[in-house]
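Enquirer: Going down the list, the sequences are from chains A and B. The numbering of the first sequence is UniProt numbering, which starts it at 1 and goes up by one. The numbering of the second sequence is UniProt numbering, which starts it at 1 and goes up by one. Note that CB positions come from ideal geometry on N, CA and C, so glycine has one too. All of these numbers come straight from a predicted model, not from anything done at the bench.
2 protein chains.
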Amino acid sequence: MSSSPLNVAIIGMGTVGSGVAKILLDRADQMTNRAGRPIHLKRAVVRDLSRPRNIELAEGVLTDDIDSVLNDDDIDVIIQLVGGIDPAYDIMLRALESGKDVVTANKALLCEKGESLYQRARELGRCICFEAAVAGGVPLIETVTQAMSANQITSIEAILNGTSNYILTQMFSHDVSYDDAVKSAQEIGYAEADPAMDVDGTDAAQKLGILVQLSLGIKVGLDEFLRQGIDTLSLADLKYASELGYTVKLLAVANLIDGQLEMHAQPTLIRNDNPLAHVEDAYNKIALEGDAVGKIWLSGMGAGQMATASAVVANLIDVAVGRAAITFPRLDLWNPRHDIKIMPREEISRRYFLRLNVEDRPHVLADITNVLGDHEISIASLVQHEAPEVDPNESFPIVPLVIMTHRTTEGRFQAASRELEQLDCIRAPFVRMPVND
Amino acid sequence: MSSSPLNVAIIGMGTVGSGVAKILLDRADQMTNRAGRPIHLKRAVVRDLSRPRNIELAEGVLTDDIDSVLNDDDIDVIIQLVGGIDPAYDIMLRALESGKDVVTANKALLCEKGESLYQRARELGRCICFEAAVAGGVPLIETVTQAMSANQITSIEAILNGTSNYILTQMFSHDVSYDDAVKSAQEIGYAEADPAMDVDGTDAAQKLGILVQLSLGIKVGLDEFLRQGIDTLSLADLKYASELGYTVKLLAVANLIDGQLEMHAQPTLIRNDNPLAHVEDAYNKIALEGDAVGKIWLSGMGAGQMATASAVVANLIDVAVGRAAITFPRLDLWNPRHDIKIMPREEISRRYFLRLNVEDRPHVLADITNVLGDHEISIASLVQHEAPEVDPNESFPIVPLVIMTHRTTEGRFQAASRELEQLDCIRAPFVRMPVND
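Written as structure tokens, this is what we have:
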């Protein structure tokens, strides 16, 4: 057992970086036991040295000189916690080139540039660990890459964006609008000042992309699959869904069906008897299906300081003991399933939820159902409540109409939607969501 | 990357053994990719060669000569699937002594004899892998030993016996008696002809013992903590619990509280808003709490041919790539928390559910509540329904009385129970269960 210390540098001392430092410093003995050697936090790189921090680091650890850290041959591992692509990509490449292993939580970077980074790391005999990049403290990457290694993963259905899940939970449980729920998420620290990447579905889609790459070895670009956020939903949608026995979640899905990969990340109606319907606040929940093990579910905090730091430090221990060096070069990344085709989005077959605001007058329902019928879409259920107060600018009362369709294809549904939008009797908003069942 | 094959022998070709062979034979290429070398099923040891099997093995693989397998220096790994202690213990020791790593699903053996086996394996530089021994296909051992390595695990609350969970689900969902539900479990293959170890709580307690040993490094014997099975429950208990907003599960619990370990495995009332209340049929579900990551939940099939085989083969790949050799000697087994004391069972503090059959006459309720009051137990809620038809052998109608207490200690509750059982007004059965909240 090697007892030489593992020298570590953290780049980016934000919330997660401070959490990692806290674990390494506060429980050094326990970490030494588990790693079989001391883990020594040698440097922590920040942009602004003068900013106050609520963690005490030894003299000389904090620096704003990233070059000195990347060039320091004594440093074995870089914990790369800078977000976005630029300069994170360069930092990571330089770390690898200078012989360091990298632990990161940056899912945007791995989703967009993972292929070249993984490739370079492998050529250099280094490894990249990223348990923290997807589902925070939930042991999802480890499960996909180790526990399920006797399986072909055939289905991933996952709630991967804690911010969106928190907002949806707030809206429904506290009867508040989307805007108020976003404000509350910002106050509690779950949403950034600009929460766009969370609420528009990008974050969930990036994480799904990483999971698909790990389980099938193929990269699917963000523009190659359906992606939609919760930012187009209103409280009314959640209430109608509930009335019908469903819960709305931002659901990322990858299903292997007859050699085709169905993939999308969208707000989705989930039946209340599906375990994925029951995950509240900023928690993540993931259903994985393997052809041997069947379905397994994992859940826990997908973000937050200590949950994410826990995943980062677990990876650090993987590096320290040598597990990472074994696991990384044998990921399914390197055994791509080129036989699998991405299912064209038009062919994806599901049921749909449709909320329309329509004029309350004769023929309207016939007009709408005729359009659906022309596209061979049949109606499974329909809810129309009485008209609220009448808008004086309208000749007729405007009433909400909620339709659940039977199974149809995305292509047919989109074509019907386009036609419906042209009807005189329909007012905005026009809300559509797929149903998972 | 080593490309020499890993030679494997399975001892015990029952349901799980056949499942393991099926994965190794049917998807040899995929396993080779993931293991970095071929995994070669060299021998499969059975007791009775003449028994028909629904798996086709190459000429010479099947044998009833266990010695030739244990003495075969070419065999690298033994998959030990013989249940019970004897001869499983000897087989495992001999396998280790002859230089083989061992993968096993035998939780009884690990719970009772784990210490000496682990010790011997470590002295010999070998490893023992046992993902399949606890919670079948759920990646629980891996999560406890790898993903949570930045944490002290502070709480384990788990549904670990699929047979009991199936029986409880059947009883409640199909309104059938305990005996009928056991019969149905036997028909579907979830329960043995003699299901004693499953339904009396032994199996769940053994698994809890393994988890505690892995997360705290201390061995707690089966006689050192409260253990109770579902075999004393009736449908009425599940219905009363439901009426009060709870679900009854066989729950294994280990909580670290101020340096003391509270530990028990008993049928327990779980509030319906707790995720552990929602796991049906033969599924397992586990809530783990770590001091960094917070709570995480895992669920999936805890038994069954392919789910268990999936865990066995994952371990086999861990051995093939060298991960097992790294992980095993660094388990927390080797860093025992001797500072932790087992909380005396009398001091465990919980709420309780109590179902009594009592005479329907004046003073009875006063007598009962006086006994509870004498032991400083106060009543949180009470349900008494009207008397069913009168038994002609009784002078008074006999009515069921259900009491939920406020929090009290096990010691007080047991003392009160003993006194209650002496009261003339009480008839059998006398059902008590703790409440988890």
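Which whole runs of the alpha helix (DSSP H) in the region 158–195 of chain A are 4 residues long or more, in chain order?
Expert: 162–174 and 178–187
Enquirer: Provide the residue(s) that pair with A:G290 in DSSP beta bridges, ordered along the chain.
Expert: If you number the first sequence from 1, residue 290 of chain A lands on position 290. Bridge partners of A:G290: A:I153 and A:G294.
Enquirer: For B:D424, name the three-state secondary structure that DSSP assigns.
Expert: One-based indexing of the second sequence puts residue 424 of chain B at position 424. Residue state for B:D424 is assigned as coil, using DSSP reduced to three classes.
Enquirer: By DSSP, does A:F130 sit in helix, in strand, or in coil?
Expert: Counted from its first residue, the first sequence places residue 130 of chain A at position 130. The answer is coil: DSSP assigns A:F130 none of H, G, I, E or B.
Enquirer: Considering only the alpha carbon of each residue, which of B:A292, B:F172 and B:S215 lies closest to B:L233?
Expert: Here residue 233 of chain B is taken as the residue at index 233 of the second sequence, counted from 1. The candidate whose alpha carbon is nearest that of B:L233 is B:F172.
Enquirer: Which residues in chain B sit within 9 Å of A:M301, going by Cβ to Cβ distance?
Expert: Against the first sequence, residue 301 of chain A aligns to sequence position 301. V293, G294, K295 and I296, listed in chain order.
Enquirer: Classify A:M1 as helix, strand or coil using the three-state DSSP reduction.
Expert: The residue labelled residue 1 of chain A in the question sits at position 1 within the first sequence. Because the pLDDT at A:M1 is just 46, under 50, the model does not fix this residue reliably, and the point stays unresolved.
Enquirer: Can you give me the C-alpha to C-alpha distance between A:S116 and A:R122, rounded to a whole angstrom?
Expert: Numbered from 1 along the first sequence, position 116 holds the residue referred to as residue 116 of chain A. Numbered from 1 along the first sequence, position 122 holds the residue referred to as residue 122 of chain A. Their backbone Cα atoms lie some 10 Å apart in a straight line.
Enquirer: In three-state DSSP terms, what is B:E262?
Expert: Your numbering for residue 262 of chain B matches position 262 in the second sequence. Three-state DSSP puts B:E262 in a strand.
Enquirer: Would you be able to state if there are at least three C-beta pairs under 8 Å between the region 270–286 of chain A and the region 357–372 of chain A?
Expert: no
Enquirer: On the DSSP bridge list, what partners appear for residue 446 of chain B?
Expert: This structure does not reach residue 446 of chain B, given that chain B is present from 1 up to 437, and the question cannot be answered.
Enquirer: Between B:D367 and the rest of its own chain, which residues show a CB-CB distance below 7 Å, the 5 nearest in sequence each way excluded?
Expert: Locating residue 367 of chain B in the second sequence gives position 367, where the first residue counts as 1. L423 and C425.
Enquirer: With 7 Å as the threshold, decide whether the Cβ of A:P139 is near any Cβ in chain B.
Expert: Start at 1 with the first residue of the first sequence, and residue 139 of chain A comes out as number 139. Yes, A:P139 lies at the interface with chain B (some Cβ there is under 7 Å from its Cβ).
Enquirer: Measure from the C-beta of B:G322 to each C-beta in chain A and report whether the shortest distance is under 7 Å.
Expert: To locate residue 322 of chain B, count along the second sequence from 1; it is residue 322. Chain A contact via Cβ: present.
Enquirer: What in chain B is Cβ-close to A:I326, meaning under 7 Å?
Expert: Within the first sequence, residue 326 of chain A is the residue found at index 326, counting from 1. Going along chain B in sequence order, the residues near A:I326 (Cβ under 7 Å) are V321, G322 and R323.
Enquirer: In chain order, what residues of the same chain lie with their CB nearer than 7 Å to the CB of B:N7, ignoring the 5 residues before and after it?
Expert: As a first step, residue 7 of chain B is located in the second sequence; it is residue number 7 there, counting from the start. Here the set comprises H40, K42, D74, I75 and D76.
Enquirer: Just to confirm, are A:M31 and A:G136 a CB contact at a threshold of 7 Å?
Expert: Residue mapping note: residue 31 of chain A aligns to position 31 of the first sequence, counting from 1. Residue mapping note: residue 136 of chain A aligns to position 136 of the first sequence, counting from 1. No, these two residues do not count as a Cβ contact at 7 Å.
Enquirer: Where do the ends of the alpha helix (DSSP H) carrying B:V319 lie?
Expert: Taking the second sequence and counting its residues from 1, one reaches residue 319 of chain B at position 319. Looking at the DSSP string, the run of the alpha helix (DSSP H) that includes B:V319 is Q305 to V321.
Enquirer: For B:V248, which of helix, strand or coil comes out of DSSP?
Expert: For the purposes of this step, residue 248 of chain B is taken as residue 248 along the second sequence, with counting starting at 1. Strand, per DSSP.
Enquirer: Please report the straight-line C-alpha distance between B:G217 and B:W334, rounded to a whole angstrom.
Expert: Translated into positions along the second sequence, residue 217 of chain B becomes position 217. Translated into positions along the second sequence, residue 334 of chain B becomes position 334. Approximately 6 Å, taken between the alpha carbons.
Enquirer: Can you tell me whether A:R412 is helix, strand or coil according to DSSP?
Expert: Locating residue 412 of chain A in the first sequence gives position 412, where the first residue counts as 1. A:R412: helix per DSSP, three-state reduction.
Enquirer: Output, in chain order, the set of chain A residues within a Cβ distance shorter than 9 Å of B:Q213.
Expert: Counted from its first residue, the second sequence places residue 213 of chain B at position 213. Near B:Q213 there are no residues of chain A at all, since even the closest Cβ is about 16 Å away, more than 9 Å.
Enquirer: Pick out the complete beta strand (DSSP E) segments inside the region 360–410 of chain A, 3 residues or longer, and give them in chain order.
Expert: The region 360–410 of chain A contains these whole beta strand (DSSP E) runs: 379–384 and 398–405.
Enquirer: When DSSP labels each residue in this structure, what does B:M197 get in the three-state scheme?
Expert: The sequence position of residue 197 of chain B within the second sequence is 197, counting from 1. If DSSP states are grouped into helix, strand and coil, B:M197 belongs with the helices.
Enquirer: From A:A241 to B:E386, what does the alpha carbon distance come to, in whole angstroms?
Expert: One-based indexing of the first sequence puts residue 241 of chain A at position 241. One-based indexing of the second sequence puts residue 386 of chain B at position 386. If you take the alpha carbons of A:A241 and B:E386, they lie about 40 Å apart.
Enquirer: Using a cut-off of 7 Å between C-beta atoms, extract the partners of A:G290 located in chain B.
Expert: In the first sequence, residue 290 of chain A corresponds to position 290, counting from 1. Neighbourhood of A:G290 in chain B, by CB distance below 7 Å: S310, in chain order.
Enquirer: Could you say which of A:R427, A:D273, A:A28 and A:K207 lies nearest to A:V253 if we only look at CA atoms?
Expert: Start at 1 with the first residue of the first sequence, and residue 253 of chain A comes out as number 253. Checked all of A:R427, A:D273, A:A28 and A:K207; the closest Cα to A:V253 is A:K207.
Enquirer: Consider the Cβ of B:G36: report whether some Cβ of chain A lies at a distance smaller than 7 Å.
Expert: Counting from 1 along the second sequence, the entry for residue 36 of chain B is found at position 36. True, the Cβ-Cβ gap to chain A drops below 7 Å.
Enquirer: Tell me, to the nearest whole angstrom, how far the beta carbon of A:V69 is from that of A:V45; I am working on the premise that it is less than 8 Å.
Expert: Position 69 of the first sequence, counted from the first residue, corresponds to residue 69 of chain A. Position 45 of the first sequence, counted from the first residue, corresponds to residue 45 of chain A. Yes, A:V69 and A:V45 are in contact; Cβ-Cβ is about 5 Å, under 8 Å.
Enquirer: Suppose contacts are defined by Cβ-Cβ distances below 7 Å. Is A:A132 in contact with A:A105 by that definition?
Expert: Indexing the first sequence from 1 puts residue 132 of chain A at position 132. Indexing the first sequence from 1 puts residue 105 of chain A at position 105. Closer than 7 Å, so yes.
Enquirer: State the Cα-Cα distance for the pair A:L140 and A:A314, rounded to the nearest angstrom.
Expert: Along the first sequence, read from residue 1 onward, the residue named residue 140 of chain A stands at position 140. Along the first sequence, read from residue 1 onward, the residue named residue 314 of chain A stands at position 314. Answer to the nearest angstrom: the Cα atoms are 13 Å apart.
Enquirer: For A:A324, which residues from the same chain have a beta carbon less than 6 Å from its beta carbon, with the 5 sequence-adjacent residues on both sides left out?
Expert: As a working note, residue 324 of chain A is residue 324 in the first sequence. So the list reads C127, C129 and D318, once near-sequence residues are dropped.
Enquirer: Any idea if A:R227 is buried or exposed, counting beta-carbon neighbours within 10 angstroms, 16 or more meaning buried?
Expert: Mapped onto the first sequence, residue 227 of chain A falls at position 227. Answer is buried; the Cβ neighbour count reaches 16.
Enquirer: At a CB distance below 9 Å, what residues from the region 142–168 of chain B approach chain A? Give them in sequence order.
Expert: E142, T143, Q146, A147, M148, S149, A150, N151 and Q152
Enquirer: May I ask you to verify whether the region 156–167 of chain B touches the region 197–211 of chain B, counting CB pairs closer than 8 Å and requiring at least 3?
Expert: Enough Cβ pairs lie closer than 8 Å, so yes.
Enquirer: Can you name the residues of chain B whose CB is closer than 9 Å to the CB of A:I317?
Expert: For the purposes of this step, residue 317 of chain A is taken as residue 317 along the first sequence, with counting starting at 1. Within 9 Å Cβ-Cβ: Q146, S149, A150 and R330.
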